[in-house]
Amino acid sequence: MIRVGVIGCGVISEVYLNNLRAFGIPVAAVADLDPERAASRGAQFQVPALPTDELLADPEIDLVLNLTVPKAHAEIAREALVRGKHVHTEKPLALTAAEAKELVHLANASGLRLGSAPDTFLGSHLQTARKVLDDGWIGEPIGATAFMMSHGPERWHPQPDFFYQAGGGPLFDMGPYYLTALVHLLGPVRRVAGSAQTTFSTRVIGSPNRFGECIPVEVPTHVQGLLEFDGGATGVLITSFDVWHSELPRIEIYGTEGTLAVPDPNFFGGSVRVRRRGADAWSDVPPLFGFSENRRGLAVADMSLAIRDGRSHRATGDLALHVVEVMEAIHISAREGRHVEIASRPSRPEPWPMGYDEAALILDLRGESGRDRA
Ligand SMILES: NC(=O)c1ccc[n+]([C@@H]2O[C@H](COP(=O)([O-])OP(=O)(O)OC[C@H]3O[C@@H](n4cnc5c(N)ncnc54)[C@H](O)[C@@H]3O)[C@@H](O)[C@H]2O)c1
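Following our numbering, the numbering of the sequence shown begins with 1 at its first residue and continues without gaps.
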């Protein structure tokens, strides 16, 4: 079993550490720029808290789980790869496609695994949707819409500054969920166009520790993209931190024989619905896979199995690089008023075997699998 070191002990680290424990994946140490935060998370999970440098030098650690803020993702990932560790990082993989590409090359050249969030596409909803699509229930895909309408996270997040700095904004923060889901379903994107605006120049923090504090907005907060997929389908993606209310669906895929409705890709479960041509109502598709609860860290379990079994992992650096390239291109298009071609072409990630669930994963991780393996 690979041993994990976690760098970044903020809000999201708790659910990761809970899930790694539930999967039986050992965490050898945690670290944070803020030693108190590391000490407190370490004490909560009975794991040693180390300075980041010591964690990176620890020969007992095989894989670094990078849960820092976006602007630190590439630097921490690079450092971990240079020290010979596999890396799974929170999204986005990097702030630019050039930086993301460099990380992918470094990992490949070093024979190390690189992966990135989100891993929600490994959840029951998006795996079920993929099965419905691949089995031809809606025919050939024609197009997709994806909408993430919100008013931003500053009302609840204790340190929301990064959401409004480079690497944040609704596209870089939430876009990875939607774009990863779309690429998982429809394959890679070949060309994009975009428009973007910044509606409010400051935001007011709502959480008690910094209540009422104003923070500057340095990135566009209402971003729209047109996507042309390599397979021929086209799509529309809107991500916003400026919208108070919306009734738009999350993701819909339109096919020659019907429509597939996919729930929020920020979660792992939810009802997948399909309505074929001629049907007078939508049908709920029962979940065909496990992992309907918050299982952030599932991709770390998959990577761990992939390393042991010598197969490729699912939430790859290639996929995350593509997502960063698409997001960057939407912003470039918005600034320059032209379509932007996408160079990267990751393959669609391999789906889970039919019916794969948490019990099967845990047996797999223990090497006791009697069922289909991941
Ligand atoms: N909060 C959520 O609901 C949520 C959900 C999904 C994904 N994420 C992603 O997870 C990441 C972390 O989010 P969060 O909400 O936990 O943020 P956070 O601000 O609560 O925690 C980030 C932690 O990283 C530490 N850090 C920053 N730079 C560092 C460095 N160079 N070295 C070591 N530690 C460093 C900070 O001190 C902080 O403790 C972000 O990329 C975010 O997009 C967050």
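Virtual Cβ for every residue (Gly too), placed ideally from N, Cα, C.
Keep in mind the model is a prediction, meaning the values are calculated, not measured.
* **Cut-off 7 Å between Cβ atoms - residues of its own chain near lysine 101, not counting five sequence neighbours on either side** => Correct list, in chain order: Leu321.
* Quick one: give me the first and last residue of the alpha helix (DSSP H) that aspartate 364 is part of. => For aspartate 364, the uninterrupted alpha helix (DSSP H) run begins and ends at 358-365, by DSSP.
* Ends of the beta strand (DSSP E) at threonine 96? -> Taken as a continuous stretch (DSSP letters only), threonine 96 belongs to no beta strand (DSSP E), as it is neither H nor E.
* Asked: Do the CB positions of serine 144 and leucine 182 come within less than 8 Å of each other?
  -> In the sequence under discussion, the amino acid at residue 144 is alanine, which differs from the serine named in the question. Yes, these two residues count as a Cβ contact at 8 Å.
* Reference proline 158; option with closest CA among Gly10, Arg275, Arg191, Ser271 -> With distances taken between Cα atoms, proline 158 lies closest to Gly10.
* Compute the distance between the beta-carbons of valine 375 and valine 285, then report whether it is under 8 Å. => One cannot answer for residue 375 here, as it falls past the ends of the chain, which runs 1 to 374.
* the region 161-175 touching the region 310-328, judged by at least three CB pairs closer than 8 Å -> Verdict: yes, contact present.
* Asked: According to DSSP, which residues form a beta bridge with valine 274?
  -> Its beta-bridge partners are Leu260, Ser283.
* Asked: If we count the other Cβ atoms within 10 Å of its Cβ and call it buried at 16 or more, is threonine 450 buried or exposed?
  -> The chain is shown only over 1 to 374; residue 450 falls outside these bounds and no answer can be derived.
* Asked: What number of angstroms, rounded off, separates the C-alpha of threonine 89 from the C-alpha of leucine 126?
  -> One C-alpha to the other measures close to 21 Å.
* Going by C-alpha distance, which of Pro346, Ser304, Asp372, Leu365 is nearest valine 64? -> Of Pro346, Ser304, Asp372, Leu365, the residue nearest in Cα terms is Ser304.
* To do: Return the Cβ separation of isoleucine 142 and alanine 233 in integer angstroms, given the expectation that the two are a contact with Cβ distance under 8 Å.
  => Isoleucine 142 to alanine 233, Cβ: 6 Å. Contact.
* How many angstroms separate the CA atom of threonine 96 from the CA atom of aspartate 372? -> If you draw a straight line from the Cα of threonine 96 to the Cα of aspartate 372, it is about 38 Å long.
* Taking only the alpha-carbon atoms, compute the straight-line gap between alanine 359 and phenylalanine 291 and give it to the nearest angstrom. => One alpha carbon belongs to alanine 359, the other to phenylalanine 291, and they sit about 10 Å apart.
* Asked: Does the beta-carbon distance from arginine 203 to glutamate 154 come in below 8 Å?
  -> For arginine 203 and glutamate 154, yes; Cβs fall inside 8 Å.
* **For phenylalanine 291, the three-state DSSP class (helix, strand or coil)** => Under the three-state reduction of DSSP, phenylalanine 291 is assigned to coil, being neither helix nor strand.
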